[in-house]
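So the sequences go chain by chain: S and W. Per the numbering used here: the first sequence = residues 1 to 110. Per the numbering used here: the second sequence = residues 111 to 223.
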Amino acid sequence: AQRVTQPEKLLSVFKGAPVELKCNYSYSGSPELFWYVQYSRQRLQLLLRHISRESIKGFTADLNKGETSFHLKKPFAQEEDSAMYYCALSGNFGNEKLTFGTGTRLTIIP
Amino acid sequence: NAGVMQNPRHLVRRRGQEARLRCSPVKGHSHVYWYRQLPEEGLKFMVYLQKENIIDESGMPKERFSAEFPKEGPSILRIQQVVRGDSAAYFCASSSVLADTQYFGPGTRLTVL
Chain S
1 AQRVTQPEKL LSVFKGAPVE LKCNYSYSGS PELFWYVQYS RQRLQLLLRH
51 ISRESIKGFT ADLNKGETSF HLKKPFAQEE DSAMYYCALS GNFGNEKLTF
101 GTGTRLTIIP
Chain W
111 NAGVMQNPRH LVRRRGQEAR LRCSPVKGHS HVYWYRQLPE EGLKFMVYLQ
161 KENIIDESGM PKERFSAEFP KEGPSILRIQ QVVRGDSAAY FCASSSVLAD
211 TQYFGPGTRL TVL
């Protein structure tokens, strides 16, 4: 069975400090990993996906197959980063449903 | 591009009534997904549809729930004889092609009294 674990429900970080949101997954095969973000009063939107290897809004995430992790990182937090963050995975081609973690609410302290 | 539209945004039903949730995908998208989010939980997959076809309904409860995506018009998630445990946020997402990025709607919050 596929599963995504986000161990932190809440995370508070001072502005300018580094941010790391943890995500671990369980999947037999080669999954595709995503980070979605939901800002206050907005809809869920894709932040980044591992196959694109992009850095969006200063965030990066590296897929570590040995540790089955896909942690989201940003070197210097900004106030506008305060939001709910969800890690998700989908299976191999042909299995498109997303399996989400329970989310981490990130609060940036000014 | 108006994005994925869902209506109603809030729906209140009494136990035993029917709930109909609508989802209009991004124009040109032919793949629709429904997810449910119970309080304090992540989004859970329910069903994946293409026009006139149910592709994967492995997350749908066996009874009372059904979904369709007709050739014309929005996708509908239908819940018959609602119970209090159906109270949740229901999200719809759409994509243009297989395994492409899913774009989410704002969700419908269903409250069962």
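Glycine is no exception: its CB is placed at the ideal position from the N, C-alpha and C atoms.
Note to self: Counting only Cβ-Cβ distances shorter than 8 Å, please list the residues of the segment 143-177 of chain W near chain S, keeping chain order.
What the structure shows: Taking 8 Å as the cut-off between beta carbons, the residues of the segment 143-177 of chain W near chain S are Tyr143, Tyr145, Glu150, Glu151, Gly152, Leu153, Lys154, Phe155, Tyr158, Asp166, Ser168 and Gly169, in sequence order.
Item checked: As assigned by DSSP and simplified to three states, the class of S/Glu54 -> Translated into the one-based positions of the first sequence, residue 54 of chain S becomes position 54. In the three-state reduction of the DSSP assignment, S/Glu54 falls in the coil class.
Notebook entry, point to check: Shorter than 8 Å from the beta carbon of S/Phe100 to some beta carbon of chain W?
Noted result: Taking the first sequence and counting its residues from 1, the one referred to as residue 100 of chain S is at position 100. By the rule that beta-carbons nearer than 8 Å mark a contact, S/Phe100 touches chain W.
Notebook entry, point to check: Do the segment 185-198 of chain W and the segment 114-131 of chain W touch if we need at least three Cβ pairs shorter than 8 Å?
Noted result: Enough Cβ pairs lie closer than 8 Å, so yes.
Notebook entry, point to check: Rounded to whole angstroms, how far is the Cβ of W/Leu159 from the Cβ of W/Phe179, which I believe are closer than 8 Å?
Noted result: Position 49 of the second sequence, counted from the first residue, corresponds to residue 159 of chain W. Position 69 of the second sequence, counted from the first residue, corresponds to residue 179 of chain W. Cβ-Cβ separation between W/Leu159 and W/Phe179: approximately 4 Å, consistent with a contact (criterion under 8 Å).
Margin query: Can you check whether the C-beta of S/Lys97 is within less than 8 Å of a C-beta belonging to chain W?
Written below: Mapped onto the first sequence, residue 97 of chain S falls at position 97. Judged by the 8 Å Cβ criterion, S/Lys97 is in contact with chain W.
Margin query: So with CB distances below 7 Å, who are the chain W contacts of S/Arg144?
Written below: Residue 144 of chain S lies beyond the stretch modelled for chain S, which goes from 1 to 110, so this question has no answer here.
Notebook entry, point to check: Start and end of the beta strand (DSSP E) containing W/Met115?
Noted result: As a working mapping, residue 115 of chain W is identified with position 5 in the second sequence. Met115 to Asn117 is the extent of the beta strand (DSSP E) around W/Met115.
Next item on the list: Determine whether the Cβ of W/Phe179 lies closer than 8 Å to any Cβ atom of chain S.
Entry: The count along the second sequence starts at 1 and reaches residue 179 of chain W at position 69. No, no contact with chain S.
Notebook entry, point to check: Under 8 Å between C-beta atoms, does S/Tyr86 make it to chain W?
Noted result: Numbered from its first residue, the first sequence carries residue 86 of chain S at position 86. Yes, contact with chain W.
Item checked: Residues in the segment 194-212 of chain W having any Cβ partner in chain S nearer than 9 Å -> Flagged, chain order: Phe201, Ala203, Ser205, Leu208, Ala209, Asp210, Thr211 and Gln212.
Next item on the list: Using a Cβ-Cβ cut-off of 8 Å, state whether S/Leu48 counts as contacting chain W.
Entry: Counting from one through the first sequence, the residue named residue 48 of chain S turns up at place 48. The beta-carbon of S/Leu48 is placed no less than 8 Å from the nearest beta-carbon of chain W.
Notebook entry, point to check: By how many angstroms is the C-alpha of S/Tyr39 removed from the C-alpha of S/Met84?
Noted result: On the first sequence, residue 84 of chain S is found 84 positions in, with the first residue counted as 1. On the first sequence, residue 39 of chain S is found 39 positions in, with the first residue counted as 1. Going by the C-alpha atoms only, they are around 6 Å apart.
Notebook entry, point to check: Cβ of S/Leu89 within 8 Å of Cβ of W/Gln212?
Noted result: Against the first sequence, residue 89 of chain S aligns to sequence position 89. Against the second sequence, residue 212 of chain W aligns to sequence position 102. Between S/Leu89 and W/Gln212, the C-beta gap is not smaller than 8 Å, which leaves the two residues out of contact.
Next item on the list: Specify, as a first and last residue, the run of the beta strand (DSSP E) that W/Asp166 falls within.
Entry: Along the second sequence, one-based indexing puts residue 166 of chain W at 56. First-last of the beta strand (DSSP E) with W/Asp166: Asn163 to Asp166.
Checklist line | Amino acids of chain W, ordered along the chain, whose beta-carbon sits closer than 8 Å to that of S/Gly103 | finding: Here residue 103 of chain S is taken as the residue at index 103 of the first sequence, counted from 1. Residues of chain W passing the Cβ test: Gly152.
Note to self: I need the straight-line Cα distance from W/Phe214 to S/Thr60, nearest angstrom please.
What the structure shows: Taking the second sequence and counting its residues from 1, one reaches residue 214 of chain W at position 104. Taking the first sequence and counting its residues from 1, one reaches residue 60 of chain S at position 60. Roughly 22 Å separates the two Cα atoms.
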